[in-house]
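When we follow the working numbering, the leftmost residue of the sequence shown carries the number -18, and every step to the right adds one.
What follows is a short report on a single structure.
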Amino acid sequence: MGDRTAEHGGLSPLGRQAVQRLNDLGVLIDVSQLSDAAFDQVLALSRAPVIASHSDVRALVDTSRNLSDAQLDALKAKGGVIAINAFSAYLHARSPQTTEAVAKLRAGYGLSESGSTVLSPEQQADYDRRYHEIVGAEPRATLRELIDAVDYAVKRIGIDHVALSSDFNHGGGVTGWSDVGETANVTAALRQRGYTPAQIDQLWGGNVLRVWQAAIDARNPRYRLAASG
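Below is the structure:
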C-alpha cells in the first residue's frame, strides 16, 4: 500500500499521546499487530495493563504477528494478557514451497519490505487473489497446535496472563475449532492437557475481564467522577 514500515521508529507522536489519552479514559489498549518497537513503547508509556487480543507465540511460528519470549515476559511484567488466537498462519509454519511461491509473487509485483511500491487497486486485487490461492493450499492448523501455543504461553508467563481468541470473521479457525459450534472441543482439549475448570474459566474470559477492569481502574480521576455522575 506504500506505507513505510519504520516511518516513526515505533509510535508516531500522535500515537504516544493516544496511549495517555486511552489510559485517562480507561480504555484497554490492544498491542496485537504492532511493530516490535511500537509494542515496547506502548508498554513503557501505558500506566495500565494491556492485551494482545489476537497474537500467538513467535518461538513456535516465526512471524512478526506473534509475540517473542521477551515480549511475553514484558506483557506479564505489565500485568497484561495474550489471547492465543485460532488463526492458522500464526499456529502452523508455512512450508518452504509456500514461502518460495509467496516470495516469487511479491517479486513479480516489485514488492519489498520497504513498502515503497504502490499497487493500483486492480493490481492489489489481483495480488490478493493470487496470494490467498497460494497460502490457502497450506494445511490448516489443528486444535492440538492451538493448545500447544496455550501451553507454551502458560509455561512461560503463567495462567493469569493467557486467554483464548477466535478470528472467525477474518479467515480464522483451526481444524477442530472451525466455528463457534465447535467451541466445546477447545474446552475438552484443555481438560485433556490437565487444565482445571478454574484455569479454563481464566482462559475463556476471567483473565480478560481482570485486565479490562485494571484499565478502567487506572483512568484519570476526573473521568471516574464524570462516569459516576
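For glycine and all other residues, C-beta sits at the position ideal for the given N, C-alpha and C.
Note that the structure is a prediction, hence the values are computed from the model and not measured.
- Query: Taking the beta strand (DSSP E) that Asn66 falls in, what are its first and last residues?
  - Reply: Mapped onto the sequence shown, residue 66 falls at position 85. Its beta strand (DSSP E) spans residues Val62 to Asn66.
- Message: Once the 5 residues before and after Gln180 are set aside, which same chain residues still bring their CB inside 6 angstroms of it?
- Response: As a first step, residue 180 must be located in the sequence shown, where it is residue number 199. So the qualifying residues of the chain are Ile140.
- Alpha carbon to alpha carbon, what distance is there between Trp158 and Ala134? In the sequence shown, the residue the question calls residue 134 occupies position 153. In the sequence shown, the residue the question calls residue 158 occupies position 177. Looking at the two C-alpha atoms, the distance is approximately 19 angstroms.
- Message: Could you tell me the alpha carbon to alpha carbon distance between Tyr112 and Ala88, rounded to whole angstroms?
- Response: Locating residue 112 in the sequence shown gives position 131, counting from the first residue. Locating residue 88 in the sequence shown gives position 107, counting from the first residue. Using only the alpha carbons, I get a separation of about 12 angstroms.
- Shortest alpha-carbon distance to His151 belongs to which of His35, Ala18 and Val0? If you number the sequence shown from 1, residue 151 lands on position 170. With distances taken between Cα atoms, His151 lies closest to His35.
- Would you kindly report the start and end of the unbroken beta strand (DSSP E) that includes Val143? As a working mapping, residue 143 is identified with position 162 in the sequence shown. Where Val143 is concerned, the enclosing beta strand (DSSP E) stretches over Val143 to Ser146.
- Query: CA-CA distance, Gln104 and Leu92?
  - Reply: Along the sequence shown, read from residue 1 onward, the residue named residue 104 stands at position 123. Along the sequence shown, read from residue 1 onward, the residue named residue 92 stands at position 111. Rounded to the nearest angstrom, the two C-alpha atoms are 12 angstroms apart.
- Query: Quick one, which of Gly7, Gly(-4) and Ala25 has its alpha-carbon nearest Arg203's?
  - Reply: As a first step, residue 203 is located in the sequence shown; it is residue number 222 there, counting from the start. Ranking Gly7, Gly(-4) and Ala25 by Cα distance to Arg203 puts Gly7 first.
- Query: Given a threshold of 16 other Cβ atoms within 10 Å of its Cβ, counted over all protein chains shown, does Gly(-10) qualify as buried or as exposed?
  - Reply: The residue you call residue -10 lines up with position 9 of the sequence shown. By the 10 Å Cβ count, Gly(-10) comes out exposed.
- Taking contact to mean at least 3 C-beta pairs separated by less than 8 angstroms, is the segment 9 to 23 in contact with the segment 38 to 58? yes
- Message: By alpha-carbon positions, which one of Val116, Ala64 and Leu3 ends up nearest to Gly187?
- Response: If you number the sequence shown from 1, residue 187 lands on position 206. Nearest option by C-alpha distance: Ala64.
- Query: Do you know whose CA, among Arg110, Asp160, Val167 and Leu56, lies nearest Val31's CA?
  - Reply: Within the sequence shown, residue 31 is the residue found at index 50, counting from 1. For the residues Arg110, Asp160, Val167 and Leu56, the minimum Cα distance to Val31 belongs to Leu56.
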